[in-house]
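All remarks here apply to the structure that follows.
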Amino acid sequence: MAFDRINKLKKNKIKLFWIRALMNVKMLNIVMSIFYVHRGIQLHEIFYLSIIWGATNLLTEIPSSYMADQWGRKKTILLGIIGILMYWIFYFFADSFFLFAVGTIWYALSFSMISGTDQALLYDSERELKQTKQSLKTFGTFSAASNIFKVFATLIGVIIAKDLIESQFQILISIDVIVTVAALGLGYTLVEANHKIDVEKIESGVMIDAINLLKKNKLLLRAILGRVILFTGSLVLFHYYQVFFVGMGLPLLALGIGFSLMHASAGLFKHYGLKYIPKKRVRFWIDIANWIEVLSLLFFLLAWVTLPNPYLLYTIYLIFVFFSVVRNPLYNELYHGYMKSYNRATAVSLTNLLKNVFDIPLLFISGMLIQYNIIAPYVFVACLAFIVVLFLRVGGSKYSQI
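End of the sequence shown = 401 in numbering that gives the first Met the number 0, gap-free, step of one.
Structure representation (structure tokens):
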């Protein structure tokens, strides 16, 4: 029995990898903002949908984390996959802001249940197998799952939706429904790993313990704040980049090819490149990645003023997105080791909790700005990026004491 359990635990890693890969196919995403406009949603309303997503996630993040820690990682993941299935079904029929909002709420519920929970199950499986020494490589490979299908899905998506008509959008959503059902079947075969739960500590409030950790650990607090602020900035631009570049005259096929190449590069880097980064240099490379994001935004704005070529601007934008993607496993490695097993999913969810706190005002500001000028959100995000690199650096001896 013990040998059989070990074999099943070993399969958790590959199963979680493919669940994340399938959940991130998201065929519709390559034309999402165009799809919104096609269904009658205004650009500023796209940001308001994101605010609804953030508010819902803010309210459900902690309860879903308790559910994962106490009820079980596997069951929580399965509920999350069902939530994403409901999201796609609502988006298939949505033709008003209200219906899109309902679908968005389902998406937020799904994210709050899965986010942190899948990493917790992965880590606990590794720990039970006594394989935690390769955590950076493991999380890098796991994170690469987000990119594996996007390489092909992005390109296939723009080919299917080449005319940007209703039937083509419906085909994309139908594919997303099918792969989500496949992820649900795979999730059912997961094995719950052992994770130590101190009932007394849970009853006294594991969130208090996790928050106290952030208060005492300045490095961890800076890392989480820097991560969520810059991530929200990248999310702002992602919400309307298709409308932005296609509106400038960039062919839809070029849009798909560019994003496919970016995802392929990010996936390869996370799978192969991260293993060459020693743990003691992780903080240094986080700062480097953030600085590259700042510089890419500055070059983007400069090119917009001096040489507004859609191909040049899109290339610079993809560089920004690439580094916003590959820095995530570095952040995971930095602060994941400070989280105790019993509240691992809860502690990881603190990152998402803070993200949602920042999402609401920042997305609201972006929604207001885009009504005045389509480039204004880029200026706003550049300001956010400067705040991160100037005031929320994690490298240097000043923050070496944990």
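Quick reminder that beta carbons are idealized off the backbone N, C-alpha and C, glycines included.
### Message
Mapping the DSSP letters down to three states, classify Leu183 as helix, strand or coil.
### Response
In the structure shown, Leu183 sits in a helix (DSSP, three-state: H, G or I).
### Task
Using 10 angstroms around the beta-carbon of Phe385, count the other beta-carbons present and answer buried if the total reaches 16, otherwise exposed.
Burial call: exposed.
### Query
Expressed to the nearest angstrom, what Euclidean distance is found between the alpha-carbon atoms of Tyr106 and Val150?
Within the model, the alpha-carbon separation for Tyr106 versus Val150 is close to 22 angstroms.
### Task
Verify whether the separation of the beta carbon atoms of Ile51 and Thr103 is less than 7 angstroms.
Less than 7 angstroms divides the Cβ of Ile51 from the Cβ of Thr103.
#### Entry: Secondary structure, alpha helix (DSSP H): runs of 4+ residues fully inside the stretch 4-53
The stretch 4-53 is shown to contain whole alpha helix (DSSP H) runs of 4 or more residues at 31-37, in chain order.
### Query
What is the DSSP secondary structure of Met0, reduced to helix, strand or coil?
With a pLDDT of 49 at Met0, under the threshold of 50, the modelled position of that residue is not reliable, and no figure is offered here.
#### Entry: For Asp94, the three-state DSSP class (helix, strand or coil)
Coil at Asp94, not helix or strand.
### Task
Taking Gln370 as the reference, give the member of Val24, Gln41, Lys9, Ile29 with the closest Cα.
Of Val24, Gln41, Lys9, Ile29, the residue nearest in Cα terms is Gln41.
### Query
Three or more C-beta pairs closer than 8 angstroms, one from the stretch 349-362 and one from the stretch 48-63: is that the case here?
With the rule of 3 Cβ pairs closer than 8 angstroms, the stretch 349-362 counts as touching the stretch 48-63.
### Task
For the alpha helix (DSSP H) holding Thr231, just list the boundary residues, first then last.
For Thr231, the enclosing alpha helix (DSSP H) has its first and last residue at 217-237.
### Query
In the structure shown, what three-state DSSP assignment does Leu249 receive?
Leu249 sits in coil when the DSSP states are folded into three classes, being neither helix nor strand.
### Message
Across the stretch 165-178 and the stretch 274-289, are there enough close Cβ pairs to call them in contact, namely three or more that are closer than 8 angstroms?
### Response
No, the stretch 165-178 is not in contact with the stretch 274-289.
### Query
With C-beta atoms as the reference, is Thr179 less than 7 angstroms away from Thr116?
Result no, Cβ atoms of Thr179 and Thr116 do not sit closer than 7 angstroms.
### Query
Short check: CB of Ser259 to CB of Leu154, under 7 angstroms?
Yes.
### Run of the alpha helix (DSSP H) containing Pro277, from where it starts to where it stops
No alpha helix (DSSP H) contains Pro277, which DSSP labels as neither H nor E.
### Query
DSSP on Leu163, reduced to helix/strand/coil?
In the three-state scheme derived from DSSP, where H, G and I count as helix and E and B as strand, Leu163 is classed as coil.
### Message
Count Cβ pairs between the stretch 231-242 and the stretch 305-323 that sit closer than 8 angstroms; are there 3 or more?
### Response
Yes, the stretch 231-242 is in contact with the stretch 305-323.
### Query
Three-state secondary structure (DSSP) at Val380?
Helix.
### Query
From Ala181 to Leu301, what distance separates their C-alpha atoms?
About 45 angstroms.
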